[in-house]
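Q:
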Amino acid sequence: MTLAPPSSDTLPRQHPIGVFDSGVGGLSILKALRAELPFEDFVYVADSGFAPYGERDEGFVVERSRLIARHLLDHNHLPIKALVIACNTATAAAIHLLRQDHPALPIIGVEPALKPAIALSHTKRIGVMATRGTLNSRKFRTLLDSLAGQASFICQPCDGLADAIERRDTTKLIALCQEYTGAIGQFSTQTNDIDTLVLGCTHYPFAIEHIRKLVAPGVQIVDNGAPVARQTRRVLTQHANADHTGQITLCTTGDPALLAQAAARWLDLDTSVEKLTL
Ligand code: DGL
């Protein structure tokens, strides 16, 4: 039997919203989603068994993204009514293909917050930390080209940083943050210096306390959690009832204990984690 593709117009309003990332990083987006949409249920998939995505080839990221989307639609206890790709790398590689695969499903992606950074910057010199996959993608280059002349962007591929966050390797994380912020250049609010830093990977907000110490006071650090959550609210055609208490289901292809610890630490969530084999 072939099932009709799920549509947010026909699915009951209480169906969950799917969220996925290569690992724990997308919890930074889930946090913003919960704040914006407290009545909604969410199912979060961390593909930690296959992380990091940022230094893999595009085909691999596309294949994993398709498997996860399929899983959330077909094998979840309730099929999702919308999908948030809480990963810049997977958005760049796969969002257009997922939209082709599932035309009735609202799909929201994440991209480095360059436009908000232009609005915040006075010196119009902006640093961008992101994965190699994001920075090399056609989608990112098109975004950069569309903003030509509005600011100068210094883009730094941050190999290994998402992995260090994933593994909670604080020594490596601090060393990499030092190396990459140093490579971007001089941060300050003075003319000609970089006064705004974009965190273009959803893992990096979890290193913000270290990154903040490495840039001058007054330098603005921008991520995408809140705008993505607002966009999700806008595209949802079926909202949960306002008296519903939003439930969070966490799943991982990696170590459930690591995702449980990250969710407890960053989202104050005390919940069991389901192990997925995908
Ligand atoms: N958190 C992801 C992103 O926003 C990917 C990090 C990785 O797996 O390399 O790009």
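If you're matching positions, the sequence shown starts at 26 in my numbering and goes up one per residue. Heads up, the beta-carbon is just placed ideally off N, CA and C, and yes, glycines get one too.
DSSP beta-bridge partners for E191?
A: The residue given as residue 191 occupies position 166 in the sequence shown. The partner list for E191 (beta bridge, DSSP) is empty, contrary to what the question assumes.
Q: Quick one: grab the DSSP three-state call for Y69.
A: Here residue 69 refers to the residue found at position 44 when the sequence shown is read from its first residue. In the structure shown, Y69 sits in a strand (DSSP, three-state: E or B).
Q: Does F64 come out as helix, strand or coil in the three-state DSSP assignment?
A: Indexing the sequence shown from 1 puts residue 64 at position 39. Correct three-state label for F64: coil.
Q: Could you confirm whether any beta carbon from chain C is found closer than 9 Å to the beta carbon of Q272?
A: Structure shown: chain C not included; a single protein chain is present.
Q: Whole angstroms is fine: what's the gap from L58's alpha carbon to A254's?
A: Locating residue 58 in the sequence shown gives position 33, counting from the first residue. Locating residue 254 in the sequence shown gives position 229, counting from the first residue. So the alpha carbons of these two residues sit roughly 5 Å apart.
Q: Within a Cβ cutoff of 7 Å, which residues of the same chain sit near G225, ignoring the five residues on either side of it in sequence?
A: Within the sequence shown, residue 225 is the residue found at index 200, counting from 1. Excluding sequence neighbours, G225 sits near N113, P137, V153, M154, A155, T159.
Q: Quick check on the DSSP output: what are the complete alpha helix (DSSP H) runs of length 4 or more inside the segment 99 to 163, in order along the chain?
A: Runs of the alpha helix (DSSP H) inside the segment 99 to 163: 113 to 126, 139 to 145, 157 to 161.
Q: Excluding the 5 residues flanking A289 on each side, which residues of the same chain have their C-beta closer than 8 Å to its C-beta?
A: Here residue 289 is taken as the residue at index 264 of the sequence shown, counted from 1. Cβ neighbours of A289 beyond the five flanking positions: D295.
Q: Could you tell me how far apart the beta carbons of L261 and Y69 are, in whole angstroms, since I believe they sit closer than 8 Å?
A: On the sequence shown, position 236 is the one that residue 261 refers to. On the sequence shown, position 44 is the one that residue 69 refers to. Their Cβ separation, rounded to whole angstroms, is 17 Å, which puts L261 and Y69 out of contact at 8 Å.
Q: The ligand DGL and T302: does any heavy atom of the ligand fall closer than 8 Å to the residue's C-beta?
A: Numbered from its first residue, the sequence shown carries residue 302 at position 277. False, no ligand heavy atom lies under 8 Å from that Cβ.
Q: Under 7 Å Cβ to Cβ from H121, same chain only, skipping five residues before and after it: list those, please.
A: As a position in the sequence shown, residue 121 is number 96, starting the count at 1. Around H121: no qualifying Cβ.
Q: Pairs of beta-carbons, one from the segment 139 to 150 and one from the segment 184 to 196, closer than 8 Å: are there three or more?
A: No contact exists between the segment 139 to 150 and the segment 184 to 196.
Q: For the beta strand (DSSP E) containing P182, name the first residue and the last one.
A: Counted from its first residue, the sequence shown places residue 182 at position 157. Taken as a continuous stretch (DSSP letters only), the beta strand (DSSP E) holding P182 covers 177 to 182.
Q: Can you tell me whether T221 is helix, strand or coil according to DSSP?
A: Looking up residue 221 in the sequence shown gives position 196. Strand at T221.
Q: Which same chain residues end up closer than 6 Å to I132 when comparing Cβ atoms and leaving out the 5 residues on each side of it in sequence?
A: Sequence index remark: in the sequence shown, residue 132 carries index 107 (1-based). Closer than 6 Å at the Cβ level, and outside the excluded window around I132, lie L108, L123, R124.
Q: Measure how close the beta-carbons of G48 and G279 come, nearest whole angstrom, since I'm counting them as under 8 Å.
A: Against the sequence shown, residue 48 aligns to sequence position 23. Against the sequence shown, residue 279 aligns to sequence position 254. Confirmed, about 7 Å.
Q: Once DSSP output is grouped into helix, strand and coil, what is the label at G43?
A: Against the sequence shown, residue 43 aligns to sequence position 18. Three-state result, G43: strand.
Q: State the Cα-Cα distance for the pair I42 and T216, rounded to the nearest angstrom.
A: To locate residue 42, count along the sequence shown from 1; it is residue 17. To locate residue 216, count along the sequence shown from 1; it is residue 191. Distance between the alpha carbons of I42 and T216: 44 Å.
Q: Taking the continuous beta strand (DSSP E) assigned at T274, which residues delimit it?
A: Here residue 274 is taken as the residue at index 249 of the sequence shown, counted from 1. Per DSSP, T274 belongs to the beta strand (DSSP E) from 273 to 277.
Q: Once you ignore the five residues that flank S53 on each side, which residues in its own chain have a CB closer than 6 Å to its CB?
A: Sequence index remark: in the sequence shown, residue 53 carries index 28 (1-based). Excluding residues within five positions, the ones whose Cβ falls inside 6 Å are T227, P230, G250.
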